[in-house]
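Asks: With this note's numbering applied, the sequence shown covers 3 to 181.
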Amino acid sequence: MAAKGIASIGECMIELSGQTGDSWRMGFAGDTFNTLWALHALSPEHPATYVSAFGDDPFSRDQIAFFGQNGIGIGNSPVIAGARPGLYAITLTGAERAFTYWRSDAAARQLASDPATLAKSLQNQALVYFSGITLAILDEAARKTLLTAIGAARAAGSLVAFDPNYRPRLWPSREAVQA
């Protein structure tokens with residue numbers, strides 16, 4: 003049987019967007035998650051898997067439940083004790099949106115902590131998608147682990163799609179980007 007699934011790798015964050023007054027709306031978003039959401043909406047016949055790492059806090063549990071309620075699985079993604087999701091807030095100044103991030107200790111930074119589990123998450127996928135942000139949130143060793151797993155998926159027949167989505171603030175140096 004040919005592979006039919008879509009795996010997207012990265013960080014889905016808690017999104018807070020300012021509403022009128024002192025109210026905030028909470029949602030879930032991130033570049034690779036938003037792309038998977040759209041692909042799954044367009045092609046629901048293809049199983050959708052979000053490959054990341056998740057915390058064990060109430061927000062992470064809500065995130066995983068939200069994925070499941072919308073037909074998106076997390077495959078073999080680890081749930082890490084004591085970890086939390088990244089968070090960002092959107093504020094509006096006139097017509098311009100501004101983003102403030104809290105992500106330095108996000109669970110997603112550990113998505114490559116178990117190479118065998120990561121590789122298993124990418125097996126038998128028709129499409130494996132990741133971005134420059136996915137790479138930027140990982141340390142050098144984790145980036146190598148991720149790229150090895152993606153290479154194995156590609157060698158096994160998966161189509162690999164990459165969105166550079168370069169964010170200089172996420173990288174420790176230009177040299178790290180080029181490596």
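Every residue, glycine too, gets a C-beta built ideally from N, C-alpha and C.
Model, not experiment: these values are computed from the prediction.
1) Given this structure, state the Cα-to-Cα distance separating A9 from G29, to the nearest angstrom.
2) Please report the distance separating the alpha-carbon of L41 from that of S19.
3) Excluding the 5 residues preceding and the 5 following P117 in the sequence, name in chain order all residues of the same chain whose CB lies nearer than 8 Å to its CB.
4) State the CB to CB distance for the pair L113 and A155, rounded to an integer number of angstroms; the pair is presumed to be in contact (CB under 8 Å).
5) For L89 and I16, I'd like the C-alpha separation in whole angstroms.
6) Counting only the same chain and skipping the five closest in sequence on each side, list residues whose C-beta sits under 7 Å from that of L140.
7) Going by Cα to Cα distance, which pick from N72, A108, T51 is closest to G57?
8) Assuming the contact rule is C-beta atoms closer than 8 Å, G12 and I135 should be a hit. Round their C-beta distance to whole Å, please.
Replies: Looking at the coordinates:
1) 21 Å
2) 24 Å
3) T147, T150, A151
4) 15 Å between Cβ atoms; not a contact.
5) 5 Å
6) R111, A114, L148
7) A108
8) 6 Å
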